[in-house]
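Accompanying notes for the structure given below.
In the working numbering, the protein residues as written are 33 to 376.
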């Protein structure tokens with residue numbers, strides 16, 4: 033086991049299933065397998081569950097009792113930090129950009145922050161990464177003066193290494209599952225946000241010699257800076273794990289074709305992809321990250337970029353609560369089967 037010996041707590045439901053998707057496969061003309069990270073447990077599941085096992089393992093050993101983090105108001109990361117804190121008897125202080133309508137009823141992940149008992153604080157929107165980290169450090173100082181022992185969960189700190197390591201382990205789990213069913217992937221598609229999940233998965237699969245190119249579908253960042261971040265996080269994780277393998281930018285592909293609409297903006301074609309995967313597999317994909325992954329798979333299957341009959345693994349990283357903030361985009365039946373006809 034690559035990650036054996038790393039500090040860890042256990043609350044994830046592992047291994048997450050790897051399931052066949054026969055109707056989607058038929059419609060797309062490929063052999064599609066779905067890795068169900070949305071079934072990982074901890075509140076509503078998702079990729080953050082794995083990484084928080086490693087992050088909290090080292091923090092609990094240090095006596096940390098409060099977790100501090102910043103992200104968007106509908107952040108999956110913040111939701112699962114609040115859930116992990118509740119599971120482990122800790123407190124969570126979540127910082128989000130100030131909302132335009134303070135009287136709006138909380139929905140989706142923002143509602144779950146409250147249900148989970150997190151201390152939610154609004155800060156000035158549009159801050160740089162350095163300014164956000166400075167605000168978090170101020171809050172940590174405030175909490176420590178009150179007798180708490182607080183830790184900041186920020187991708188530029190140890191949290192980023194823990195997040196990457198978690199998906200090195202996920203790569204090992206996926207390799208074992210593929211071997212068990214006699215499948216060899218031609219490509220592995222996954223959502224790419226800050227890049228740690230992609231970095232760990234690509235590093236792990238490369239270290240294990242698993243064929244098949246990792247394709248990260250970006251939700252916000254252009255390919256070049258995201259690849260730099262992925263390479264950096266993979267380097268840090270490899271050093272922590274004592275691996276000789278190093279991940280280079282040309283070891284994977286980042287697709288940034290779907291970011292023009294802006295972060296969290298669901299386009300009509302993205303909504304179509306959500307419906308397509310739901311109606312042909314009974315699975316919801318979130319509108320912020322995984323709708324773009326689903327759309328990329330459909331588009332590449334249609335264009336021939338994914339060859340007919342190829343084996344493709346789609347890692348569904350979760351994020352389901354965001355569905356309920358996009359009711360206007362997704363309500364109604366839509367045009368049933370449009371993507372199926374396009375890609376058949």
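Glycine included, each C-beta is placed from N, C-alpha and C at the ideal position. Computed from a prediction, not measured in an experiment: that's the story for all the values here.
- If only complete runs of 4 or more residues are kept, the region 77-141 shows the alpha helix (DSSP H) at 80-93, 108-119, in order along the chain.
- Residue 255 and residue 288 do touch by the CB rule: their CB atoms are close to 5 Å apart, below 8 Å.
- Given a length threshold of 4 residues, each whole run of the alpha helix (DSSP H) inside the region 318-374 is given here in chain order: 322-335, 359-362.
- Residue range 245-250 is occupied by the beta strand (DSSP E) that includes residue 248.
- No residue range can be given for residue 43, since it is assigned to no beta strand (DSSP E) and is classified by DSSP as neither H nor E.
- Ranked by Cα distance from residue 268, the first of 326, 242, 299, 189 is 189.
- Look at residue 153 here: in three-state DSSP terms it is strand.
- The beta carbon of residue 272 is closer than 6 Å to those of 193 in its chain, skipping five residues each way along the sequence.
- A direct Cα-Cα distance of roughly 20 Å separates residue 358 from residue 112.
- Under DSSP, residue 67 shares a beta bridge with 50, 347.
- When secondary structure is reduced to three states using DSSP, residue 219 falls in the strand class.
- In terms of Cβ geometry, residue 249 and residue 345 do not form a close pair [threshold 8 Å].
- For the pair residue 222 and residue 76, the CB atoms are not nearer than the 8 Å cut-off.
- Spanning the alpha carbons of residue 138 and residue 227 requires a straight line of approximately 28 Å.
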